[in-house]
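Here is the structure we will look at.
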Amino acid sequence: MPYVDPRFGAQLRALRAGQGLSLRALGQLTHRGKSHLHDLETGAKAPTPETARHLDEVLQAGGTLARLVEAPVDHDAEAGELLARVRASDVSAETLVRIEAAVDDLASAYAKTRPVDLLPMVRRQLAYVGRLLDGRGTLAQRRRLVVAGGWLAVLRATVHIDLLQRSAADAHLSTATALADHGGHPEIHAWCLETQAWERLTRGDYRRALDLAQQAQRAAPRGSSAQIQATAQEARIWARLAEVRRTREALDRLERLTANLPVPERAEHHYRYDPTKALAYAATTLSWAGDPAAEQLARTALAELDPRGDGGDRPRRSASARLDLAMALLAADRPDEASVVATDAVRSGRVVPSNWWRAREVLRRVEPTGTAEAAAFREMYEAHRPAR
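Each residue of the sequence shown is one higher than the one before, starting from 69 at the first, in the numbering used here.
Structure, rendered in structure tokens:
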């Protein structure tokens, strides 16, 4: 039987009420009986994982309910198990190629897949690599498996960060770092530092985030995607610290690093820097710094990301661009417009939990205005707010 968090019933009831649905109305949408839903809300019956996932989908809850109906995962044990298996390998060349292709596929899926859906896919592939590490083979085969495991571990940690699962993220970042060292892969090591920098930034621990971003730049191979991303991260952190001159300096370095940089074959790959990101990163950074130039940059970035207004090919980034534009509009003293844009971002369902603080910041600044748009944003915010 799956473990069911005792908060499941209360969470289901809150989600239903947040959307103004009666038990009967929810039953019609989910094809479940009213009495069955009542039993789930009161704890008289335990939900199955399939029911929880279906309710999540109908209520647009982003996996909130499904995460309450799972056996607890010992992340430290999982991470340690992978490291313990780095002894020998026995795998064909074709299998190695398939594994490396799967790593690229998962890293590319990150931009458009909900974290709650991506996590089990990464977990399965990481477990497969772990099983293969039990075999025997050449040192070259073993190193390729270790490197693949390192990329998967840092990706898994990133998804855990998106879901605000910090202890799990720490465990897998530790594993990714160890695998990077074991496989002699400094770029994975640098990505681990950059990922930690982002996680610290989302917590508001800006000084520690800055130190990690600068460590990542020193660790990364020169001109690598990790060095570029860590530089962009540094600029954003300076913006949060209200250090305008240092923000501009970091953006200038970023521009030099990306000048004449070709678009990678798979531009959506999370670990390959796409130079077209530069506009969106600049919009984010300047909007956080309160720079008047941010508004036009954010509008241009959003027009490129979402030309049809349906989220585009990278819906997560489109949602973030809308939050950037909302911040820029606040700096221009237009809270009503900022509320509308931020409402669109939240309504998309693509603001991941780790990015929710940005929506919260917009709400904190528009709500005192008392406008109808701010009230509508509050309603949408409450309907989509992720469970802690």
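Note that the Cβ used here is the ideal one computed from N, Cα and C, for glycine as well.
Quantities reported herein were computed from a predicted structural model and do not represent experimental measurements.
A Cβ-Cβ contact shorter than 7 Å links residue 109 with residue 81. For residue 262, the enclosing alpha helix (DSSP H) stretches over residues 254-271. Membership of residue 218 in the alpha helix (DSSP H) is indicated by the continuous run 207-230.
C-alpha of residue 194 to C-alpha of residue 221: approximately 7 Å in a straight line. By the C-beta criterion, the segment 361-373 is judged not to be in contact with the segment 240-251, since fewer than 3 inter-stretch pairs fall below 8 Å. Excluding five sequence positions before and after residue 261, the CB atoms of its chain that fall closer than 8 Å to its own CB belong to 280, 281, 283, 284, 287, 298, given in chain order. Considered as a whole, the segment 335-384 harbours no complete run of any beta strand (DSSP E) with no fewer than 3 residues.
With a 10 Å radius around the Cβ and a threshold of 16 neighbouring Cβ atoms, residue 386 comes out buried.
When DSSP states are grouped into helix, strand and coil, residue 99 belongs to the coil group.
In terms of Cα proximity to residue 430, the closest of 451, 440, 417, 396 is 396. About 6 Å separates the beta carbon of residue 289 from that of residue 254, a gap short enough to meet the 8 Å contact definition. If the five residues before and after residue 353 are omitted, its C-beta is found closer than 7 Å to the C-beta atoms of 303, 304, 307, 315, 319, all from its own chain and listed in chain order. C-alpha of residue 214 to C-alpha of residue 188: approximately 20 Å in a straight line. DSSP, reduced to helix, strand and coil, places residue 416 outside both helices and strands of the structure shown, so it counts as coil. If you look at residue 79, you'll find it in the alpha helix (DSSP H) that goes 76-86. For residue 274, the enclosing alpha helix (DSSP H) covers residues 274-287.
With fewer than 16 other Cβ atoms from the protein chains shown falling within 10 Å of its own Cβ, residue 425 counts as exposed.
In terms of Cβ geometry, residue 120 and residue 133 form a close pair [threshold 7 Å]. Assignment of residue 196 by DSSP, reduced to helix, strand and coil, places it in the helix class. For residue 374, the CB contacts under 6 Å within the same chain, skipping 5 residues up- and downstream, are 380, 386 in chain order.
Linking residue 240 to residue 183 through their CA atoms gives a straight-line distance of about 16 Å. Rounded to whole angstroms, residue 324 and residue 350 show a C-alpha spacing of 13 Å.
Only buried fits residue 278, as 16 or more other CB atoms lie within 10 angstroms of its CB.
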